[in-house]
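Asks: Taken in order, these protein sequences are the chains called B and P. Take the first sequence: its letter number 214 is residue 214 in the numbering used here, and every next letter is one higher. Numbers in the numbering used here are just positions in the second sequence, counted from 1, shifted up by 317. Below you'll find the structure I mean.
Protein chains: 2
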Amino acid sequence: MQTDLVAALDIGGTKIAGALVDGHGRILARAQRPTPAQEDGESVMRAVEEVLGELAASPLWTRACALGIGSAGPVDASAGTVSPVNVPGWRDFPLVERVRAVTGDLPVELIGDGVAITAAEHWQGAARGHDNALCMVVSTGVGGGLVLDGRLHPGPTGNAGHIGHISVDLDGDPCPCGARGCVERIASGPNIARRALDGGWRPGPDGDASAAAVAAAARAGDPVAVASFERAARALAAGIAATATLVEIDIAVVGGGVGKAGDVLFAPLRRALAEYATLSFVRGLTVVPARMGTDAGLVGAAAAALARRADPTAAGV
Amino acid sequence: MQTDLVAALDIGGTKIAGALVDGHGRILARAQRPTPAQEDGESVMRAVEEVLGELAASPLWTRACALGIGSAGPVDASAGTVSPVNVPGWRDFPLVERVRAVTGDLPVELIGDGVAITAAEHWQGAARGHDNALCMVVSTGVGGGLVLDGRLHPGPTGNAGHIGHISVDLDGDPCPCGARGCVERIASGPNIARRALDGGWRPGPDGDASAAAVAAAARAGDPVAVASFERAARALAAGIAATATLVEIDIAVVGGGVGKAGDVLFAPLRRALAEYATLSFVRGLTVVPARMGTDAGLVGAAAAALARRADPTAAGV
Chain B
1 MQTDLVAALD
11 IGGTKIAGAL
21 VDGHGRILAR
31 AQRPTPAQED
41 GESVMRAVEE
51 VLGELAASPL
61 WTRACALGIG
71 SAGPVDASAG
81 TVSPVNVPGW
91 RDFPLVERVR
101 AVTGDLPVEL
111 IGDGVAITAA
121 EHWQGAARGH
131 DNALCMVVST
141 GVGGGLVLDG
151 RLHPGPTGNA
161 GHIGHISVDL
171 DGDPCPCGAR
181 GCVERIASGP
191 NIARRALDGG
201 WRPGPDGDAS
211 AAAVAAAARA
221 GDPVAVASFE
231 RAARALAAGI
241 AATATLVEID
251 IAVVGGGVGK
261 AGDVLFAPLR
271 RALAEYATLS
281 FVRGLTVVPA
291 RMGTDAGLVG
301 AAAAALARRA
311 DPTAAGV
Chain P
318 MQTDLVAALD
328 IGGTKIAGAL
338 VDGHGRILAR
348 AQRPTPAQED
358 GESVMRAVEE
368 VLGELAASPL
378 WTRACALGIG
388 SAGPVDASAG
398 TVSPVNVPGW
408 RDFPLVERVR
418 AVTGDLPVEL
428 IGDGVAITAA
438 EHWQGAARGH
448 DNALCMVVST
458 GVGGGLVLDG
468 RLHPGPTGNA
478 GHIGHISVDL
488 DGDPCPCGAR
498 GCVERIASGP
508 NIARRALDGG
518 WRPGPDGDAS
528 AAAVAAAARA
538 GDPVAVASFE
548 RAARALAAGI
558 AATATLVEID
568 IAVVGGGVGK
578 AGDVLFAPLR
588 RALAEYATLS
598 FVRGLTVVPA
608 RMGTDAGLVG
618 AAAAALARRA
628 DPTAAGV
């Protein structure tokens, strides 16, 4: 029997996706359910079980040697539990134990979704070939993950790289997390849109008041829209520079919906990075857009499971 | 011939210290010269050679199996060069090559001084037994280093953990490094003293306007002195919380002259840490005073050299 595939789960507030992934990162089978995010924990778990059941019905399932799970955070990899902010029915939910009840002896690797995206970008995407990298998702929230010394660094609980909740403005606006001036509080899509609206920007006839609409306005030269992206870029730059100064990364990969804004984001981000990343050992830092698409979470969860299989002492891709 | 000792060098802007250290961190021989910091690079190197010469004259020298160097930064471990801010005669100075000319085949390990202090605290001090730790020196400047997954994390150039130059106030005061609102710009000893003086605090009859004098005034209840330490504590807390959120540390060790201020620093630091370290996986973070004394740099340089000897792929203690 061949055991050359890994099963992967990507658990978010909107959908629960599953796949069988080969050693090249190709998805050979997939299954998906909407996340019943506002229902009780057992209902959410049933959706996970349906996804796993559909994968297990594939003739390829017997070739799976491990299962990787990337979940919306916070997660606790050491306890095998998850508490996704957007899934209130799951608080310290014993996901690994419950999944094992379905999948039997398959080794299970649990990581946060930012860490999963990072594993994917390092394996197949923009961070490939870089031994020290930060990968970020800038959308409704701001998440991330780290590659250090050539290996994924999930940290003991699987949450490392959580750049959205470092404070870059210690006297700044309160963040829902309880702190002040967090990167996410300044640079997330909803905060980019809110700041533009506060500054007097108004959506067009379609009523679209999203960060994507603000990006379109910025491209058309609207100064309030430009300023809102510049502010977000400064916060991202301070956070990226802090990360580089703390752990010595040489590349930062920015994905997510806001990451798709292109030059409206990346031009001021690169300017601001030159201001905040000043020490000799961080000056060479580059920042690039993400390359992985919507399957990044699945591919990254697979990568983490494969890496754990290759080196049981540490996740690494 | 026994080869159970390591030679260590601790190179700072004031003194160049050397030692022979055993496998328990005990110093068996030592030598020291003042750093001729304002002289040309060759004069500084001569002082290093004198220290090494004195160590090599010891009958214990033949038992040395490696040499660890902790140097004021920035350093570049990959190139073997150092550019200490306070030693202008050394810019990209090829220290490792020059030292090898004296010590022959002895393997040499170069790290920044903050990384060296961290290696010492992890081996013998307050971070002992912690697999994920940040160790800091808060004095004239603010430096630091990281232990991740049980091993020292110097980073590719030996400068990782440089917490003094992460920005926690992106619109804050310009820092000599070129950025704004760096931890050092708010929390270093000279900045604590400057802020107290700006607020109207005045030194006593002895004229001592140092951070230690501000600490004494704070202990006596002077509100301006208290406020200056509280501001420093907030900046340190934001930086420590950022580090924990990025790489999952469970302890922060604070040493250096400002670290000796005791409760005047640690009480507001612990309060502020609870405000900034809010996510589930960082809430258990503790902050404690350093335990190593003035030999920390030497002991840490020795620890890094020993760790490299045990595992040539990575420094680790």
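C-beta: ideal position from N, C-alpha, C; glycine also.
#1: Are residue 346 of chain P and residue 372 of chain P close, meaning C-beta to C-beta below 8 Å?
#2: Can you confirm whether residue 118 of chain B, when its beta carbon is compared against all beta carbons of chain P, has any partner nearer than 8 Å?
#3: With a threshold of 8 Å between beta carbons, is residue 391 of chain P in contact with chain B?
#4: Three Cβ pairs or more, each shorter than 8 Å: is that satisfied between the region 440-447 of chain P and the region 385-400 of chain P?
#5: Measuring only the C-alpha atoms, how far is residue 11 of chain B from residue 597 of chain P?
#6: Residue 461 of chain P bridges to which residues according to DSSP?
#7: According to DSSP, which residues form a beta bridge with residue 386 of chain P?
#8: Starting from the N-terminal side, write out each stretch of the beta strand (DSSP E) that is 3 residues or longer and does not extend beyond the region 261-305 of chain B.
#9: For residue 188 of chain B, return the contacting residues in chain P, with the cut-off set at a CB-CB distance below 7 Å.
#10: Please list the partners that residue 157 of chain B has in chain P, where partner means a Cβ-to-Cβ separation under 7 Å.
#11: Which stretch, first to last residue, makes up the alpha helix (DSSP H) that contains residue 540 of chain P?
#12: In chain order, which alpha helix (DSSP H) runs of at least 4 residues are fully inside the region 20-88 of chain B?
#13: Please confirm if the region 258-272 of chain B is in contact with the region 86-103 of chain B, defined as three or more CB-CB distances below 8 Å between the two stretches.
#14: Give me the Cα-Cα distance between residue 382 of chain P and residue 336 of chain P, rounded to the nearest whole angstrom.
#15: Per DSSP, residue 509 of chain P forms a beta bridge with which residues?
#16: On the DSSP letters alone, give me the boundaries of the beta strand (DSSP E) that residue 163 of chain B sits inside.
#17: For residue 118 of chain B, which of B:293, B:97, B:221 has the nearest alpha-carbon?
#18: Does DSSP classify residue 4 of chain B as helix, strand or coil?
#19: For the region 543-556 of chain P, which residues have a CB atom closer than 9 Å to at least one CB atom of chain A, in sequence order?
#20: Leaving out five residues before and five after residue 296 of chain B in sequence, what residues of the same chain have Cβ atoms less than 8 Å from its Cβ?
#21: Which stretch, first to last residue, makes up the alpha helix (DSSP H) that contains residue 256 of chain B?
#22: Answer with yes or no whether the minimum CB distance from residue 494 of chain P to chain B is below 8 Å.
#23: Helix, strand or coil for residue 487 of chain P, going by three-state DSSP, please let me know.
#24: Looking at the C-beta of residue 216 of chain B, does it have a partner C-beta in chain P at a distance below 8 Å?
#25: Could you pull the DSSP bridge partners for residue 253 of chain B from this structure?
#26: Identify each residue in the region 563-593 of chain P for which the Cβ-Cβ distance to at least one residue of chain B is less than 7 Å, and report them in chain order.
#27: Leaving out five residues on either side along the sequence, give the residues of the same chain with a beta carbon under 8 Å from the beta carbon of residue 497 of chain P.
#28: Anything in chain P within Cβ reach of residue 212 of chain B, meaning under 8 Å, just list it in chain order.
#29: Roughly how many whole angstroms lie between the Cα atoms of residue 621 of chain P and residue 470 of chain P?
#30: For a cutoff of 8 Å on Cβ pairs, would you count residue 208 of chain B as touching chain P?
#31: So, does the CB of residue 191 of chain B fall closer than 8 Å to a CB anywhere in chain P?
#32: Excluding the 5 residues preceding and the 5 following residue 325 of chain B in the sequence, name in chain order all residues of the same chain whose CB lies nearer than 6 Å to its CB.
#33: In its own chain, which residues sit with a C-beta less than 6 Å from the C-beta of residue 333 of chain P, not counting the 5 before and 5 after it?
#34: Per DSSP, residue 16 of chain B is paired with what?
#35: Is there contact here, the region 544-560 of chain P with the region 584-601 of chain P, by at least three beta-carbon pairs under 8 Å?
#36: Between residue 459 of chain P and residue 500 of chain P, is the Cβ-Cβ spacing less than 8 Å?
Replies: From the atom records:
#1: As a working mapping, residue 346 of chain P is identified with position 29 in the second sequence. As a working mapping, residue 372 of chain P is identified with position 55 in the second sequence. Yes. Within cutoff.
#2: Translated into the one-based positions of the first sequence, residue 118 of chain B becomes position 118. Residue 118 of chain B does not count as touching chain P.
#3: Position 74 of the second sequence, counted from the start, is the residue given in the question as residue 391 of chain P. With 8 Å as the cut-off, residue 391 of chain P counts as an interface residue toward chain B.
#4: Put simply, the region 440-447 of chain P does not touch the region 385-400 of chain P. Fewer than three CB pairs are less than 8 Å apart.
#5: Residue 11 of chain B sits at position 11 when you count from the first residue of the first sequence. Residue 597 of chain P sits at position 280 when you count from the first residue of the second sequence. One C-alpha to the other measures close to 19 Å.
#6: If you number the second sequence from 1, residue 461 of chain P lands on position 144. According to DSSP, which records beta bridges pairwise, residue 461 of chain P is partnered with P:453.
#7: Within the second sequence, the letter at position 69 stands for residue 386 of chain P. In DSSP, residue 386 of chain P forms a bridge with P:326, P:427.
#8: The region 261-305 of chain B is shown to contain whole beta strand (DSSP E) runs of 3 or more residues at 286-289, in chain order.
#9: For the purposes of this step, residue 188 of chain B is identified with residue 188 of the first sequence, where counting begins at 1. Those do not exist, as residue 188 of chain B stays about 16 Å from chain P at its closest Cβ, beyond 7 Å.
#10: Locating residue 157 of chain B in the first sequence gives position 157, where the first residue counts as 1. Neighbours of residue 157 of chain B on chain P, chain order: 565, 598.
#11: Reading the second sequence from its first residue, position 223 is the one you call residue 540 of chain P. Element bounds for residue 540 of chain P: 540-564.
#12: The region 20-88 of chain B contains, as complete alpha helix (DSSP H) runs of 4+ residues, the segments 41-56 (chain order).
#13: When C-beta atoms of the region 258-272 of chain B are compared with those of the region 86-103 of chain B, fewer than three pairs fall below 8 Å, so the two segments do not count as touching.
#14: Numbered from 1 along the second sequence, position 65 holds the residue referred to as residue 382 of chain P. Numbered from 1 along the second sequence, position 19 holds the residue referred to as residue 336 of chain P. In a straight line, the C-alpha of residue 382 of chain P is about 13 Å away from that of residue 336 of chain P.
#15: Within the second sequence, the letter at position 192 stands for residue 509 of chain P. According to DSSP, residue pairing for residue 509 of chain P in a beta bridge does not occur.
#16: Residue mapping note: residue 163 of chain B aligns to position 163 of the first sequence, counting from 1. Premise fails: residue 163 of chain B is in no beta strand (DSSP E) and is neither H nor E.
#17: On the first sequence, position 118 is the one that residue 118 of chain B refers to. Nearest of B:293, B:97, B:221 to residue 118 of chain B, Cα basis: B:293.
#18: In the first sequence, counting from the first residue as 1, residue 4 of chain B sits at position 4. Taken through DSSP and simplified to helix, strand or coil, residue 4 of chain B comes out as coil.
#19: Protein chains B and P are contained in the structure displayed, whereas chain A is not.
#20: Position 296 of the first sequence, counting from 1, holds the residue named residue 296 of chain B. 116, 117, 120, 121, 125, 255, 290, listed in sequence order.
#21: Within the first sequence, numbered from 1, the residue matching residue 256 of chain B stands at position 256. Residue 256 of chain B -> alpha helix (DSSP H) spans 256-259.
#22: Start at 1 with the first residue of the second sequence, and residue 494 of chain P comes out as number 177. Yes, residue 494 of chain P counts as interfacial toward chain B.
#23: On the second sequence, residue 487 of chain P is found 170 positions in, with the first residue counted as 1. Residue 487 of chain P falls in the coil class under three-state DSSP.
#24: As a first step, residue 216 of chain B must be located in the first sequence, where it is residue number 216. By the rule that beta-carbons nearer than 8 Å mark a contact, residue 216 of chain B does not touch chain P.
#25: Sequence index remark: in the first sequence, residue 253 of chain B carries index 253 (1-based). The bridge partners DSSP lists for residue 253 of chain B are B:135, B:288.
#26: Taking 7 Å as the Cβ-Cβ cut-off, the region 563-593 of chain P approaches chain B at 563, 564, 565, 592, 593, given in chain order.
#27: Locating residue 497 of chain P in the second sequence gives position 180, where the first residue counts as 1. The residues are 484, 486, 487, 488, 489, 490, 491.
#28: One-based indexing of the first sequence puts residue 212 of chain B at position 212. Per Cβ cutoff of 8 Å: no residues; residue 212 of chain B is ~25 Å from chain P at best.
#29: Walking along the second sequence from the start, residue 621 of chain P turns up at place 304. Walking along the second sequence from the start, residue 470 of chain P turns up at place 153. In this structure, the alpha-carbon of residue 621 of chain P lies about 10 Å from that of residue 470 of chain P.
#30: For the purposes of this step, residue 208 of chain B is taken as residue 208 along the first sequence, with counting starting at 1. Judged by the 8 Å Cβ criterion, residue 208 of chain B is not in contact with chain P.
#31: On the first sequence, position 191 is the one that residue 191 of chain B refers to. No - not a single Cβ of chain P is within 8 Å of the one on residue 191 of chain B.
#32: The structure shown does not extend to residue 325 of chain B, since chain B is modelled only from 1 through 317, so no value can be given for it.
#33: Indexing the second sequence from 1 puts residue 333 of chain P at position 16. Exclusion of the five residues before and after residue 333 of chain P leaves 350, 352, 364, 365, 368 as the residues of its chain whose Cβ lies within less than 6 Å of its Cβ.
#34: Locating residue 16 of chain B in the first sequence gives position 16, where the first residue counts as 1. Paired residue(s): B:11, B:33.
#35: Yes, they touch.
#36: Taking the first residue of the second sequence as position 1, residue 459 of chain P is located at position 142. Taking the first residue of the second sequence as position 1, residue 500 of chain P is located at position 183. Note that the C-beta distance between residue 459 of chain P and residue 500 of chain P is below 8 Å.
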